[in-house]
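In what follows, a single structure is set out as structure tokens and then discussed.
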Amino acid sequence: MENLIILVDANSIGYAAQHAIKLYSGSMQTQAVFSFIKTMRELRQRYPHAGMVVLWDGRAEWRFEREPSYKSNRKSDPRMQQEHDAYKAQCPFIKRALKALGIKQMTSAIHEADDLAGILVQRFASDPNNRILLITGDRDWLQLVKPNVSWRDPRDESRFIHWANFYEKTGFKSPVAFLQGKALQGDSSDCISGVGGIGEATAIKILAEYGSVNEFWKLCDAGLKPPSKALRSLYAGNSPYTKEEWESQFIYVEDSSLTDDQNEKARNKALKAHMDAYVGQGRRLFLRNLELMQLLRPAPLQKEHLEIIKGEINPDDFTELCGELAFGSILKNVPNFMKPFYNGQ
Numbered sequence: 001m002e003n004l005i006i007l008v009d010a011n012s013i014g015y016a017a018q019h020a021i022k023l024y025s026g027s028m029q030t031q032a033v034f035s036f037i038k039t040m041r042e043l044r045q046r047y048p049h050a051g052m053v054v055l056w057d058g059r060a061e062w063r064f065e066r067e068p069s070y071k072s073n074r075k076s077d078p079r080m081q082q083e084h085d086a087y088k089a090q091c092p093f094i095k096r097a098l099k100a101l102g103i104k105q106m107t108s109a110i111h112e113a114d115d116l117a118g119i120l121v122q123r124f125a126s127d128p129n130n131r132i133l134l135i136t137g138d139r140d141w142l143q144l145v146k147p148n149v150s151w152r153d154p155r156d157e158s159r160f161i162h163w164a165n166f167y168e169k170t171g172f173k174s175p176v177a178f179l180q181g182k183a184l185q186g187d188s189s190d191c192i193s194g195v196g197g198i199g200e201a202t203a204i205k206i207l208a209e210y211g212s213v214n215e216f217w218k219l220c221d222a223g224l225k226p227p228s229k230a231l232r233s234l235y236a237g238n239s240p241y242t243k244e245e246w247e248s249q250f251i252y253v254e255d256s257s258l259t260d261d262q263n264e265k266a267r268n269k270a271l272k273a274h275m276d277a278y279v280g281q282g283r284r285l286f287l288r289n290l291e292l293m294q295l296l297r298p299a300p301l302q303k304e305h306l307e308i309i310k311g312e313i314n315p316d317d318f319t320e321l322c323g324e325l326a327f328g329s330i331l332k333n334v335p336n337f338m339k340p341f342y343n344g345q
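Each residue of the sequence shown is one higher than the one before, counting from 1 in UniProt numbering.
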């Protein structure tokens with residue numbers, strides 16, 4: 001008998017819900033709570049007997065240590081910060097609602113929800129009787145797709161990706177190729193710079209031609225496929241210096257036997273030679289990005305950092321919460337709203 005397990009990315013769904021039509025209870029915005037629980041109800045109606053776990057973000061400190069600028073842009077935009085704060089204020093209510101609706105929740109203080117998804121996919125996908133559905137708008141989770149693991153963005157029916165349509169939907173031949181493509185491009189939303197000069201189309205082309213970045217390196221090492229100028233940094237770019245830092249190290253000592261114009265030409269020629277010698281950081285950045293982005297080898301769970309909320313349907317608690325948040329449309333018929341959630345018990 002096939003078992004369906006649904007893993008829900010809490011903050012992906014929550015932030016999308018935050019951008020719904022504004023609702024208020026007093027001065028507090030409530031649309032994230034309202035839209036989140038409506039999404040969960042739709043999932044329960046569509047998959048009535050599935051096991052379901054909502055995954056919340058902790059803080060993967062090692063990523064910030066590996067790259068200090070990781071996610072540093074999240075607070076740089078005042079409007080973005082305002083939306084973030086309004087959403088975070090609603091998270092305790094979302095958790096209360098999910099608990100009262102009988103939905104299991106999981107948080108690890110040292111993992112992001114992405115990492116938890118990677119851990120649980122490894123745990124459950126090895127059983128051929130299990131089918132796993134990832135509910136998120138985060139494309140990073142696509143690297144977890146397998147023959148029995150699919151990905152769906154609940155905001156858009158066309159964004160449903162599984163093993164059979166993976167290439168058609170992503171342009172990459174496999175989830176591993178997709179991950180390497182992401183590492184080549186970087187991720188501006190997380191402040192992860194790419195290797196330089198490689199966008200999605202070029203990344204797809206590189207992975208289609210070579211199969212993997214490792215194979216590209218092997219062919220270059222063997223002299224069978226010397227890297228083009230555009231890919232030189234990806235092959236040899238292990239410099240500890242950025243391009244600007246490398247340029248700042250240039251020193252030219254004027255030759256007193258030359259005129260000013262001759263010195264200027266000599267300086268420019270020497271600077272060009274200095275910059276031409278710069279191998280870049282492409283290879284180094286690719287390996288860093290691969291480490292930051294990969295969900296295939298997550299750090300193991302640690303019991304002392306793990307919080308699991310076992311949901312138990314509680315109509316009284318759910319009604320009380322809806323009253324606090326002035327969800328009048330739900331309060332008109334709470335039993336009807338809650339009905340799909342009983343199927344999952």
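We put the beta carbon where it would ideally sit given N, CA and C, even for glycine.
Who pairs with Ile135 in a beta bridge, going by DSSP?
Partner(s): Val8 and Arg152.
Where Phe64 and Arg297 are concerned, what is the direct C-alpha to C-alpha distance, given to the nearest angstrom?
Roughly 18 Å between the two C-alpha positions.
Between Ser233, Gln122, Lys173 and Ala183, which has its C-alpha nearest Gly211's C-alpha?
If we check each option's Cα against that of Gly211, Lys173 comes out closest.
Should the region 269-278 be called in touch with the region 239-248, which here means at least 3 C-beta pairs below 8 Å?
As far as the Cβ criterion goes, the region 269-278 touches the region 239-248, which means the pair count is three or higher.
Just confirm the distance between the C-beta atoms of Ile161 and Val149, as a whole number of angstroms; I'd bet it's less than 8 Å.
Going by Cβ atoms, the distance from Ile161 to Val149 rounds to 10 Å, so no, they are not a contact pair.
Kindly list the residues whose CB is nearer than 7 Å to the CB of Cys191, restricted to its own chain and excluding five residues on each side of it in sequence; keep chain order.
Once the five neighbours on either side are set aside, the close Cβ partners of Cys191 are Ser69, Tyr70, Lys71, Ser72 and Asn73.
Tell whether a beta-carbon distance below 8 Å holds between Pro48 and Pro226.
Going by C-beta atoms, Pro48 is not nearer than 8 Å to Pro226.
Kindly identify the DSSP beta-bridge partner or partners of Val53.
Leu7 and Lys104.
To test your reading of the DSSP string, which unbroken beta strand (DSSP E) runs of 3 or more residues are found completely within the region 149-196?
149-152, all fully within the region 149-196.
I'd like the list of long-range same chain contacts for Arg155, defined as Cβ closer than 7 Å, with 5 residues on each side in sequence excluded.
Excluding positions up to five away in sequence, the list reads Ala16 and Gly137.
Quick one: Cα of Leu142 to Cα of Lys332, how far?
Taking the straight line from one Cα to the other gives about 39 Å.
Assuming contact is defined by CB atoms lying nearer than 8 Å, are Val213 and Phe318 in contact in what I supplied?
In this structure, Phe318 does not lie closer than 8 Å to Val213 by Cβ.
Have a look at Ala20, Gly280 and Ile6 and flag the residue whose alpha-carbon is nearest the alpha-carbon of Lys38.
Ranking the options by Cα distance to Lys38, first place goes to Ala20.
What residues match up with Ile309 in a beta bridge as DSSP calls it?
In DSSP, Ile309 forms a bridge with Gln105.
If I'm right that Ile308 touches Met106 with Cβ under 8 Å, what's the distance once you round it to whole angstroms?
At roughly 5 Å, the Cβ-Cβ gap stays under 8 Å, so Ile308 and Met106 are in contact.
Roughly how far, in whole angstroms, is the beta-carbon of Ile132 from the beta-carbon of Ala125, given that I think they are within contact range, below 8 Å?
That belief holds up - the Cβ atoms of Ile132 and Ala125 are roughly 6 Å apart, short of 8 Å.
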